[in-house]
Structure formats: structure tokens, C-alpha cells
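Engineer:
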Amino acid sequence: MRTYISKKHHLLLGIICLCVFSSTFLNADIVFLSDRDGSVPTYECEVYTMTDFGGNVQRLTNDLLYKARPKWSPNGRKIVFAVEIVKPRQNDWEQDQTVELFIMDATGKNKRQLTDYKHLSTHPTWSPNGRSIAFMSNHAGGPEIYKMDLSDGNIFQITNNVAEGGVMVQAPDWSPGGDKIVYARSMPRTGTEIYITDISGRNNRPLVKAEKLLKEGVRIHTSPKWHPDNEHILYRNASLTMVQNGNIAVLEIVDHGALEIRKEFDAKPQKLKLPNNLVFKTGCWAENGNAVIFYASLDDDPDANNDIYRYDMLTHNIRNLSNHPSKNYSPHWINPVYPVHTRDKLPVQWAQLKRGHHHRTAWQTQ
């Protein structure tokens, strides 16, 4: 006698398996940085996790070092992040400061150093299969984007922007398809633009070009993030204007910025409908592309507290997730693929199980 299990029961069994075998991942959807612990000095922070509703906040590190840009591995088992290392020199009173990449378990244990270039290595991003990390480093001269294979530590240089003279690159993000990198690049007095390159370093082309503004200003486009559909890209758009500060002219952000979405080869971006009282910083996709997680402050004060928010792409509702009188920033949401199969033999993402969405997100069909 054969027993047939309906598609509905397949889904139920999948959820039960996830709850039993993957409770660690399900209880921590967002990794972020915060100085909410009073023992953390100014400009230093620790790595925390919380659920995508802002609950169950867990502190993962406790070393009083400056950290930046934590990122979940695709399976949710590891976190990579940048750490500033300060070492006193032997022959004088000066200190050597470098930024290196570290990796640890999702629980905060088994931390180990990935890079040791004695320079600046930051902005890590995982390959979709979790076997490699791309990052920005200036260890060979100017800042470039590199790929590191985690199995043997070998690195490959992806970009070669130094040849153009004065080009700065940052914030790479690996495409879900695994074959492209999107990143931000800037040149003196021209603003910041978004570029896409093949993982081999070939076919380097612009997605969003730099813009000059009136009154000695420039437009910056930063922190690009691929949508899970492998087509749309989220990025920050803000204006910089030359402001006189005594005898020195400096570039300052003169608007609250915006979060925009653009598809490759599309001319017009889509802007998120966000309130005017928030000063927007970087963000990332969540809920299989149906939401955006970002951090922002309520005014233009650089010392103001930052909170982490969730923006629903369909309803445009915004929710404060961190809601804490401290600096909370650099959030990254985990959208792992689990080995749970339905009748069509396709892997299922946790966001799809929770909301029943297929690959195409609801806001794209409006």
C-alpha cells in the first residue's frame, strides 16, 4: 500500500524540519553593528543579531574593536566582517592601524583572521555558493576588488581601476547568479557611480553614472545591493555640495538622500517612498526581495543615533526594528537556501516558506 503526501503536507514537513534542524538560523535573521552596550567606547562597536521583527537581540563579539560591514554566509552558518587592528610600533610612540577581514560562526565562536595584508581590507561579500569572498583592498597600491577562495586562501584581482588614475572603488556585492559584481567607484570632483563587472574582471560597464550639480556639488551613488532576482539593484543616492568652513572648503551631504532601485540597461530608477525626516544610509534586501532593511537617523547631526528599519515593498510601511538609544547600523539579512524540496524538486528559501512567494516578488508585478 502506497501513501501519498500532498503538496500542502510537503510544505508542512519542510517547515517542521527547518524548526528542528535550523533553529539557530531562524532565530537570527539580521546581523548588525551597535554600540548599545555602555562599555563600548566611542567609534567602537560589537556584532549583534536579531530577528526580522527586531526581537531576540544577541551580542556575538566582545573585544572592544572597531568593526564594519558584517555579512551572513549564504547558508547562515558563518559571518564575515572587517576589524580595525591597532598595534604600537617598537621604535616610536606611533601606532600602526590596519583593517583586516575576520570570519566566525553564527554563534560568535571560532573567530579567525582571513587577511593579513597590513593595509585596508574591507567591504566583504559572499559568493552564492559560500566558497569565496570578494572584498576591497589597497594592499597592492590603490583600492581594488579581489576574490578570495576560502579553501586555500588564494586571491584573484577582479578590477584594475588604478590604471585610470585616482579611481576609488568600494562596496562590492556579488550577484545571486554568481557571474557578476556590482560596486561603487569614484574619482576626484566627479561624484560616485555604480559599475558592474564580470567576476573575471571583464566587461566592466556603468549602471549609474556620476553627476555634477550646480554650485560645486556632485551626486553620489553608493552601497549597491543585488536583488534576489539577479536583475534589480538597490543603492543610495545623495548630494554633496562644497561648503566653506573657515579657510577650508569641504564637501558635505546636503540632502537626506534616497534609496533607489535600478535594473541594468534601464534609464529611470524607482525610488522608495520613504519619510522626509530620515537621513538614509545603506540598506539591503530582505524577505526574498519583498522588503528592504536599512539604517537611518532622524536628523543631520553626525552624532545622532541610528536605528535599523524595515520597509515593505508592497505596502510601503516602515517599522523601526532596533528602536534603541544608540548607534545601530550596517544591517545584513539572511535569506538562506535550505535543502527542502517540494514535488517539483526545487530548493526552497525560508522567505518563500514564510510568505508563500515565488521567485518574482509582488512589487514587480504592480
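The sequence shown begins at 552 in the numbering used here and counts up one residue at a time.
Just so it is clear, CB atoms sit at the ideal spot from N, CA and C, and this is done for glycine as well.
(1) By a C-beta neighbour count over all protein chains shown, 10 Å radius and 16 as the cutoff for buried, is Phe-604 buried or exposed?
(2) Identify which residue in Leu-872, Met-719 and Ala-735 has its Cα closest to the Cα of Val-843.
(3) When we look at the beta-carbon of Lys-832 and count the other beta-carbons within 10 Å, is it buried (16 or more) or exposed?
(4) Cα separation between Gly-752 and Gln-821?
(5) On the DSSP letters alone, give me the boundaries of the beta strand (DSSP E) that Phe-686 sits inside.
(6) Under 7 Å between the Cβ atoms of Tyr-877 and Ser-672?
(7) Exposed or buried, what is Phe-583 when buried is set at 16 or more other beta-carbons lying within 10 Å of its beta-carbon?
(8) With DSSP collapsed to three states, give me the class of Val-713.
(9) Tell me, which residues are paired with Arg-870 by DSSP?
(10) What does Leu-652 pair with, by DSSP beta-bridge criteria?
(11) Looking only at C-alpha atoms, which of Phe-632, Ile-812 and Ser-881 sits nearest to Ser-624?
(12) Straight-line CA distance for Tyr-668 to Leu-865?
(13) So Ala-657 and Lys-629 are in contact, right, with Cβ under 8 Å, and what is the actual spacing, rounded?
(14) For a quick check, are the C-beta atoms of Ala-735 and Thr-710 less than 7 Å apart?
(15) Please list the terminal residues of the continuous beta strand (DSSP E) segment that includes Asp-497.
(16) Using the three-state DSSP reduction, which class does Asn-705 fall into: helix, strand or coil?
(17) Alpha carbon to alpha carbon, how far is Arg-813 from His-783?
Structural biologist: Quick look at the numbers:
(1) Sequence index remark: in the sequence shown, residue 604 carries index 53 (1-based). It counts as exposed.
(2) As a working mapping, residue 843 is identified with position 292 in the sequence shown. Nearest option by C-alpha distance: Leu-872.
(3) As a working mapping, residue 832 is identified with position 281 in the sequence shown. Burial call: buried.
(4) Position 201 of the sequence shown, counted from the first residue, corresponds to residue 752. Position 270 of the sequence shown, counted from the first residue, corresponds to residue 821. The alpha-carbon atoms of Gly-752 and Gln-821 are separated by roughly 28 Å.
(5) Residue 686 sits at position 135 when you count from the first residue of the sequence shown. Here the beta strand (DSSP E) through Phe-686 covers 683-688.
(6) Working through the sequence shown from its first residue, we reach residue 877 at position 326. Working through the sequence shown from its first residue, we reach residue 672 at position 121. The question names Tyr, but residue 877 in the sequence shown is Ser. Not closer than 7 Å, so no.
(7) Residue mapping note: residue 583 aligns to position 32 of the sequence shown, counting from 1. The residue in question, Phe-583, is buried, as its Cβ has 16 or more Cβ neighbours within 10 Å.
(8) The count along the sequence shown starts at 1 and reaches residue 713 at position 162. Looking at Val-713 - three-state DSSP - the assignment turns out to be helix.
(9) Taking the first residue of the sequence shown as 1, we reach residue 870 at position 319. Arg-861.
(10) The residue you call residue 652 lines up with position 101 of the sequence shown. The partner list for Leu-652 (beta bridge, DSSP) reads Ala-633.
(11) Translated into the one-based positions of the sequence shown, residue 624 becomes position 73. That would be Phe-632, whose Cα lies nearest to the Cα of Ser-624.
(12) Locating residue 668 in the sequence shown gives position 117, counting from the first residue. Locating residue 865 in the sequence shown gives position 314, counting from the first residue. Roughly 44 Å between the two C-alpha positions.
(13) As a first step, residue 657 must be located in the sequence shown, where it is residue number 106. As a first step, residue 629 must be located in the sequence shown, where it is residue number 78. That pair is a contact at about 7 Å.
(14) In the sequence shown, counting from the first residue as 1, residue 735 sits at position 184. In the sequence shown, counting from the first residue as 1, residue 710 sits at position 159. Not closer than 7 Å, so no.
(15) Since the first and last residues shown for the chain are 552 and 917, residue 497 lies out of range.
(16) Here the question's residue 705 lines up with position 154 in the sequence shown. If DSSP states are grouped into helix, strand and coil, Asn-705 belongs with coil.
(17) Position 262 of the sequence shown holds residue 813. Position 232 of the sequence shown holds residue 783. Cα to Cα, Arg-813 sits roughly 6 Å from His-783.
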